[in-house]
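Undergrad:
2 protein chains.
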Amino acid sequence: MSNIQDLNFSIIKAFRGKGYKVTPQRLAISRFALFSRDHLTAKMIYSQIKKTYPTVSLATVYATLHILKEVGLLQGRCMPTSEARFDPDMQPHVQLVCLQCDSIIDWRHPLVSKVIAEVAADAKFSASGQVLDIIGLCNRCKEKTNLEEK
Amino acid sequence: MSNIQDLNFSIIKAFRGKGYKVTPQRLAISRFALFSRDHLTAKMIYSQIKKTYPTVSLATVYATLHILKEVGLLQGRCMPTSEARFDPDMQPHVQLVCLQCDSIIDWRHPLVSKVIAEVAADAKFSASGQVLDIIGLCNRCKEKTNLEEK
DNA sequence: TTGTATGCAAATTATTTGCATGGGA
DNA sequence: TCCCATGCAAATAATTTGCATACAA
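As given, the protein sequences belong to chains A and B, one line each in that order. Heads up: the first sequence at position 35 corresponds to 35 in the numbering used here, and the numbers run straight through without jumps. Heads up: the second sequence at position 65 corresponds to 1065 in the numbering used here, and the numbers run straight through without jumps.
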């Protein structure tokens, strides 16, 4: 998604296409969630949106995130600990979830799509999304732990 | 894990190996969680164990599940909706998560381990677990939906 | 105008924690 | 014996819901 104009347009189209009304709150939440390269939590989005819409409620943020998932603009993923994170990257990809610093690093591997397609076909499963998380310690935290042990 | 004797032995060995005491409650919870082929929730385990230990508490179930994860006998995974599920299958495998009936079907694919190993190596990530979920509609729910629409 | 979205607060649900007591090693 | 595990209840934290009002279509 290259610029804000295109982004607005896609959001409006997706919402209206499923019969959802477009409100300033919904647009702001969607824009922020989709434009970000990070894996945000509902609260992070909420605190950001509150700067421009001080009366916005967390319930509206959650509701909007649900719509974004339904119209296929966003993926939600639950974390081993702590709250759900939202990811605008809809392509199948690997996420490296660090247990120590809670960071998520996206990674691409050409075989991910292949594995998912084959398994879904074999199991006659109609896939609407996928999660490939590798859980452990990121490089930075690993090095930090090593240093502290010395 | 072929029989109850072996299972008991493995559990005791794993607990003591990390300095955890073995109590009847812990053994019962572990046996039930590990022997099951299903992906149970903490509550499911709790209701089962209460039949033999009516005073057992949910907190103990959670604590034991944490230990089982730590000693590497169990994987925990969070669900898109509802509570966490626990899986005694520690081999990398695909899970087909049905959004309608909440069932989880395990599936094996030879490339899963390869993808995970390669990505972890490339990203210098030290992996301790993985989740490969395909989210959507299982075959049964898909057919049911089709019938209802006619 | 008409129904849907909003904001607020309260409700719900999963999980964790504090603490006194009991029991494994 | 001594510390760790237990059960209970209360706390926490994330997310959802009910409802009156506001606003997009």
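Every residue gets a Cβ at the ideal spot worked out from N, C-alpha and C, and that includes glycine.
Would you mind stating whether L68(A) and S36(A) have Cβ atoms separated by less than 8 Å?
TA: The answer is no: Cβ separation not under 8 Å.
Undergrad: Can you list, in chain order, the residues of the segment 1131-1148 of chain B whose Cβ is nearer than 7 Å to any Cβ on chain A?
TA: Residues passing the 7 Å Cβ filter: V1131, L1132, D1133, I1134, I1135, G1136, L1137, C1138, N1139, K1142.
Undergrad: Report the CB separation of C94(A) from M79(A) in whole angstroms; it is logged as a contact under 8 Å.
TA: Reading off the sequence, residue 94(A) comes out as Val, not Cys. Not a contact, Cβ separation roughly 16 Å.
Undergrad: Rounded C-beta distance between T191(A) and A28(A)? I'm assuming under 8 Å.
TA: Outside the modelled stretch of chain A, which goes from 1 to 150, sits residue 191(A), for which no answer is possible.
Undergrad: Of all the alpha helix (DSSP H) runs that stay within the bounds of the segment 1019-1053 of chain B, which reach a length of 4 or more residues?
TA: For the segment 1019-1053 of chain B, whole alpha helix (DSSP H) runs of length 4 or above, ordered along the chain, are 1024-1035, 1042-1052.
Undergrad: Since R85(A) and L40(A) are thought to touch, with beta carbons under 8 Å apart, how far apart are those beta carbons, to the nearest angstrom?
TA: Correct: roughly 7 Å between the Cβ atoms.
Undergrad: Tell me, which residues are paired with D1087(B) by DSSP?
TA: D1087(B) pairs with Q1075(B).
Undergrad: Where does L132(A) sit, in a helix, a strand or coil, going by DSSP?
TA: L132(A): strand per DSSP, three-state reduction.
Undergrad: Using the Cα positions of I135(A) and V1071(B), report the straight-line distance between them to the nearest angstrom.
TA: Distance between the alpha carbons of I135(A) and V1071(B) is about 16 Å.
Undergrad: Within 8 Å of any Cβ in chain A, is that where the Cβ of I1104(B) sits?
TA: Output row for I1104(B): interface = no.
Undergrad: Leaving out the 5 sequence neighbours to the left and right, which residues in its chain are closer than 6 Å to V131(A) when beta-carbon positions are compared?
TA: Taken in chain order, the residues that qualify are R77.
Undergrad: Using DSSP with H/G/I as helix, E/B as strand and the rest coil, what is D102(A)?
TA: Coil at D102(A), not helix or strand.
Undergrad: Per DSSP, S1126(B) forms a beta bridge with which residues?
TA: For S1126(B), which the question treats as bridged, DSSP gives the partners L137(A).
Undergrad: Kindly identify the DSSP beta-bridge partner or partners of Q95(A).
TA: Q95(A) pairs with D106(A), D133(A).
Undergrad: Counting only Cβ pairs nearer than 9 Å, list the residues of chain B close to A123(A).
TA: Those within 9 Å of A123(A) in chain B are V1094, L1096, I1105, W1107, I1134, C1138, N1139.
Undergrad: Under 8 Å between beta-carbons, which chain B residues line up against S128(A)? List them in chain order, please.
TA: Chain B residues near S128(A): L1099, I1135, G1136, L1137.
Undergrad: Could you check which residue in L1111(B), Y1062(B), R1140(B), T1064(B) has the C-alpha nearest to that of L1099(B)?
TA: Checking every option, the nearest Cα to that of L1099(B) belongs to R1140(B).
Undergrad: Thinking C-alpha only, which one of W107(A), I45(A), N146(A), Y46(A) is nearest D1122(B)?
TA: Out of W107(A), I45(A), N146(A), Y46(A), W107(A) has the C-alpha closest to the C-alpha of D1122(B).
Undergrad: DSSP three-state call for T1145(B): helix, strand or coil?
TA: DSSP places T1145(B) in helix when its eight states are reduced to three.
Undergrad: According to DSSP, is T64(A) part of a helix, a strand, or is it coil?
TA: Helix, per DSSP.
Undergrad: Would you decide whether L1147(B) is buried or exposed? Buried here means 16 or more other CB atoms lie within 10 Å of its CB.
TA: Answer is exposed; the Cβ neighbour count stays below 16.
Undergrad: Just to confirm my understanding: we take G1129(B), look at its own chain, exclude 5 residues before and 5 after, and list those with CB closer than 7 Å. What are they?
TA: So the qualifying residues of the chain are Q1075.
Undergrad: Under 8 Å between C-beta atoms, does G1072(B) make it to chain A?
TA: Judged by the 8 Å Cβ criterion, G1072(B) is not in contact with chain A.
Undergrad: I'd like the list of long-range same chain contacts for Y46(A), defined as Cβ closer than 6 Å, with 5 residues on each side in sequence excluded.
TA: The answer, listed in chain order, is L58, V61.
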